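Counting from 82, one number per residue, gives the positions in the sequence shown under the working numbering. For every residue, glycine included, the Cβ atom is placed at its ideal position computed from N, Cα and C. Values in this document were obtained by computation on a predicted structure and should not be read as measured data. Okay, structure first, notes after.
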Amino acid sequence: MKTSYVSLLAIVIAGQAHAEDMAAVDAAAGDDVVVTASRSGDAIPLDLIGSSVTVIDDREMQDRQTRIVADVLRDVPGVAVNRNGAIGGLIDIRIRGAEANQTLVFIDGIKAENPYSGTYDFGTLLNDEASRIEVLRGQQSSLYGSDAIGGVITYTTLSGREKPGYSLRAEGGSMGTFSGGARAGGVVGDQFDYALTTSYYQTDGYPVAPGGKLDVGSDNLGASAKLNWTPAANFKLTAVGRYSLTHADLNDQQIAPTSPIVQGYPVITAIDTPGDTARNRGWYGLVGATWSLFDDAWTNAATAAITDNRRDFDGPYGPSGDVGRRYRATFDSTVRFGSDHVKNRFTLAMDYERQEFRNTTAYADQSTHVLETRGYVASYDVTVDDRLALGASARIDDYNRFRDAATYRATASYLLPGGTRFHAAYGTGIKAPTPGELFGYTSGLYIGNPALRPEQSKGWEAGVEQSLLDRSVTIGATYFNNIFTDQIDTTYVYDSGSGTYIQQSYNQSGRTRQEGVEVYASARVSDFRLDASYTYLNAPQTIDALAGPAPGDGSFQFPVPITGQAVRRPKDVASFNATYAPKSLPLTATLTVRYNGRQRDYAFNSDYSRLLVDLKAYTLVNFNASYDIGAHVQVFGRVENLLDRKYQEVFTYNAPGRAAYGGVRVTF
């Protein structure tokens with residue numbers, strides 16, 4: 082069976098102060114800059130940011146031959162990645178133990194999460210030929226509102242001014258895989274620049290189901306367009322857009338002869354299911370402008386954006402699906418004042434967001450539901466001698482279905498003359514219930530709960546960083562501590578209509594604390610580029626699940642609260658990347674080692690009651706290399722899962738084994 086997720090890009094006008102003037106920079110350099118840490122749109126040096134942030138630039142993306150963006154996120158401290166089996170399958174990203182739908186995702190300035198599910202499926206995001214990633218960790222709701230509890234991930238394609246030129250890439254390899262990419266970017270005159278990209282990834286796949294024989298593959302297509310017009314030094318219009326369409330073959334889940342036995346129960350497992358498919362289509366667009374006055378002392382940005390998603394599933398129980406649309410408008414105004422020694426920045430911002438969604442499943446309520454939010458932001462930042470940086474922000478969100486929410490954040494960073502930097506942050510976050518949690522319905526299995534309240538979080542972090550050898554070496558460590566309240570989970574309620582127990586979401590009472598340590602190091606020494614990270618996460622969670630063996634008479638057992646490490650949050654995650662790029666040879670070689678510790682996951686018995694299972698730890702080794710033949714042609718190859726490890730990231734979904742790929746890139 083094949084999976085097909087297609088991404089194209091609609092053309093829109095985005096005058097986004099966030100991510101338009103970003104240049105690709107070396108991630109080890111002290112002048113590395115970040116735009117998501119502020120609503121001002123300023124490119125802020127990493128040394129002046131109190132929050133934890135990781136930048137992966139275009140060079141690193143190319144060094145690691147990144148085709149699926151989620152793969153490179155495995156190298157970011159505090160991030161856990163779970164893919165449902167085959168390449169092209171659903172991928173969830175969790176930051177510091179927060180849920181996947183508690184991470185805010187921007188793609189070229191467009192809020193990208195599915196309006197219905199509240200989560201962005203990273204399995205549909207192919208890497209473009211020129212791109213950059215920022216991962217801002219910790220509660221950021223005071224800047225961006227709902228969803229930004231774990232942090233913010235920003236994926237940006239480079240403009241034609243940042244990376245002019247043309248490129249074509251083609252590669253093939255294991256599992257009947259073919260992928261390619263093309264990009265055209267440049268500057269026309271002094272005022273106009275453009276960047277057009279397209280990416281494609283197709284694979285026949287492999288048997289995902291335990292004991293299965295049916296290959297599950299994927300077809301992924303992506304394209305983008307970004308246009309900038311700068312008629313004056315203080316005014317710019319930008320056009321950027323995205324369209325995505327995904328076709329996917331899926332595995333159904335049933336009790337089968339291959340079902341594992343958990344606590345005496347045969348549990349639901351993935352099985353070969355010919356004709357079980359999914360289709361995921363998305364339109365994304367944003368229009369806007371940026372302008373400044375008084376020699377850039379006062380800057381403004383206005384945007385209007387749309388996200389339109391439709392998902393359709395066709396399986397043994399008939400068609401199902403959902404549609405969702407998000408309209409979003411923002412206005413940011415920043416005033417800068419002070420001196421060369423003391424620099425002040427004060428920003429006011431307003432957001433408006435309207436989400437419309439409905440279930441298209443035949444047996445579900447197909448009414449259109451609407452959520453509206455108005456957000457009001459104020460932030461102040463001050464730097465002293467480019468060494469001390471202090472910041473504070475506050476936000477009020479006015480919801481049409483929930484009580485108004487107020488969030489805030491304070492940050493500090495101080496750089497000592499010897500290269501030692503201390504940083505800290507404290508903030509609060511909020512996550513509104515998803516439409517599926519509020520209104521979702523699955524016949525006989527799940528009903529929504531319109532009475533849900535937003536999830537809330539507060540947390541702090543403190544860290545130290547040391548730069549050595551004129552900033553060519555950086556090491557650091559950060560401790561974080563988060564508290565969650567009103568967390569949304571699933572329990573069982575009695576349905577008088579069917580006379581059975583049905584799952585329904587509810588807000589948990591009490592609070593949950595999650596804490597951990599992030600350690601990282603990078604070095605740019607001679608011909609080597611080295612990066613390493615390690616994360617320890619202590620994330621206890623109380624879950625309603627079956628605690629004992631199956632009863633002999635097969636009767637329904639009501640789940641009980643069980644406390645342990647939250648599911649799909651390994652306690653230990655680590656990565657190491659070593660790139661060798663000798664100046665005397667047109668060669669680049671990269672070794673990547675990624676470790677994912679033991680984690681828990683859900684299993685379900687025939688009553689769809691939850692049980693807890695352990696997934697074993699695994700270590701993956703990848704190796705890739707490229708060689709330039711002249712000025713315009715490059716050949717490359719890579720081997721993924723070099724040691725051919727057998728593992729699962731999600732229970733009953735086998736991950737891919739060893740695979741090899743090779744190809745050619747032409748630039749001109």
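N- and C-terminal bounds of the alpha helix (DSSP H) containing GLY517: 516-520
Exposed or buried, SER614, counting other C-beta atoms within 10 Å across all chains shown (16 or more means buried)? buried
Environment of GLU425 [buried if 16+ CB atoms lie within 10 Å]: Note on identity: in this sequence residue 425 is Asn, with Glu being the wrong assignment. So ASN425 counts as exposed.
For GLY363, does the three-state DSSP call read helix, strand or coil? strand
Per-residue DSSP class, three states only, for THR205: helix
The alpha helix (DSSP H) spanning LEU533 covers which residue range? Per DSSP, LEU533 belongs to no alpha helix (DSSP H) and is neither H nor E.
Which residues mark the beginning and the end of the beta strand (DSSP E) in which VAL157 is found? Run containing VAL157: none; DSSP gives neither H nor E here.
Would you kindly check if the distance between the Cβ of ASP189 and the Cβ of THR238 is under 8 Å? yes
Taking the straight line between their C-alpha atoms, what separation do you get for ARG435 and TYR365? 15 Å
Per-residue burial, ILE624 [other beta carbons within 10 Å of its own, 16 or more giving buried]: buried
Rounded straight-line distance, which links the Cα of ARG164 to that of ASN677: 13 Å
Let me check you understand the geometry: is the CB of GLY405 closer than 7 Å to at least one non-hydrogen atom of the ligand COA? Judged by which ligands are present, the structure shown has none, so any question about the ligand COA falls away.
Which ranges would you report for the beta strand (DSSP E) in the stretch 329-392 if only whole runs of at least 3 residues count? 333-335, 350-352 and 358-374
Which of helix, strand or coil does DSSP assign to ASN315? coil
In the DSSP assignment, what residue or residues form a beta bridge with PHE561? GLU542 and GLY597
Who does PHE704 pair with in a DSSP beta bridge? LEU672 and VAL720
Same chain only: Cβ atoms within 8 Å of ASN182, ignoring 5 sequence neighbours per side: GLU194, SER198, GLY199, THR200, ASP228, LYS512 and THR515
Where MET103 and VAL574 are concerned, what is the direct C-alpha to C-alpha distance, given to the nearest angstrom? The predicted model places MET103 with a pLDDT of 31, which falls under 50 and marks its position as unreliable; any figure quoted below should be read in that light. MET103 and VAL574: Cα-Cα distance of roughly 51 Å.
Bridge partners - LEU692, DSSP secondary structure assignment: ALA684
Name the two residues that bound the continuous beta strand (DSSP E) containing TYR615. 609-619
Excluding sequence positions up to five away, which residues of its chain have a Cβ less than 6 Å from the Cβ of THR501? GLN547
Locate the alpha helix (DSSP H) running through SER223, then write down its first and last residues. 222-225
Grab me the residues of ASP139's own chain with a C-beta within less than 8 Å of its C-beta, minus the 5 sequence neighbours each way, in chain order. ALA105, ALA211, SER212, ARG213, LEU239 and LYS244
Of all Cβ atoms in chain D, is any one closer than 8 Å to the Cβ of ARG552? The structure shown has no chain D; it contains just one protein chain.
Closest residue to ASP202 among PRO288, ILE230 and ILE168 (Cα-Cα distance): ILE168
Across which residues does DSSP place ASN588 in a beta bridge pair? ILE569
Which same chain residues end up closer than 8 Å to LEU206 when comparing Cβ atoms and leaving out the 5 residues on each side of it in sequence? SER88, ILE149, VAL150, ALA151, ILE188, TYR236 and GLY303
Nearest by alpha-carbon distance to GLN638: which of LEU692, LEU519 and ALA313 is it? LEU692
Compare the beta carbon distance of SER133 and GLY419 with 8 Å and say whether it is the shorter of the two. no
With which residues is GLN646 paired in a DSSP beta bridge? PRO621
Could you round the C-beta distance between LYS294 and ALA370 to whole angstroms and report it? I think they count as a contact, below 8 Å. The pair is not a contact, with the Cβ atoms about 56 Å apart (cut-off 8 Å).
In the DSSP assignment, find the alpha helix (DSSP H) that holds GLU141 and state where it starts and stops. 139-144
With distances taken Cα to Cα, identify the nearest neighbour of LEU217 among LEU701, GLY159 and GLU180. GLY159
In the DSSP assignment, what residue or residues form a beta bridge with LEU666? LEU666 pairs with nothing; no bridge assigned.
Shortest alpha-carbon distance to LEU308 belongs to which of GLN335, VAL269 and ALA290? VAL269
Starting from the C-beta of ASP695, find all residues in its chain whose C-beta is less than 7 Å away, skip the five residues before and the five after it, and write them out in chain order. ARG679 and ARG681
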